[in-house]
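Residue numbers (the UniProt record's numbering): 1 to 133.
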């Protein structure tokens, strides 16, 4: 599983996770070390806005909708929009994943998990701020 974030033209981290995730381990591997600092950084960035103007979008995966995940976001004052369908019109990260999949399949033939992750990371790194406008 891969987790990534962006707001406006600013990319956040890209995180690779093991297959089956439980909400508690997702919080420990993604929310605490990656989402929370990125969210706080964006809130503190003058041209982005305030905490009241920034909300995350997540799909309906059980790790995102679990009670423990909802409680963690509430404790950390991270607002979440209601889940949009897997549609690029409703969930902007879907455009990102589509572009990454296209680039990886066009330019790489990864045969191992390490090579696949490296190709995904390279495609993520190549996405310029203009891509995210």
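Glycine included, every Cβ here is placed at the ideal spot set by N, Cα and C.
- Contact between the region 38-47 and the region 16-30 is absent, with fewer than three C-beta pairs closer than 8 angstroms.
- If the five residues before and after residue 108 are omitted, its C-beta is found closer than 7 angstroms to the C-beta atoms of 119, all from its own chain and listed in chain order.
- Within the same chain, 78 come within 6 angstroms of residue 39 by CB-CB distance, once the 5 residues on both sides are set aside.
- When 31, 81, 102 and 42 are compared, the shortest CA-CA separation from residue 63 is found for 31.
- Within the same chain, Cβ atoms closer than 8 angstroms to the Cβ of residue 14 are found at 2, 3, 4, 120, 121 and 124, the five residues on either side in sequence being excluded.
- By the beta-carbon neighbour count (other beta carbons within 10 angstroms, threshold 16), residue 113 is exposed.
- Between residue 82 and residue 61, the alpha-carbon positions lie close to 12 angstroms from each other.
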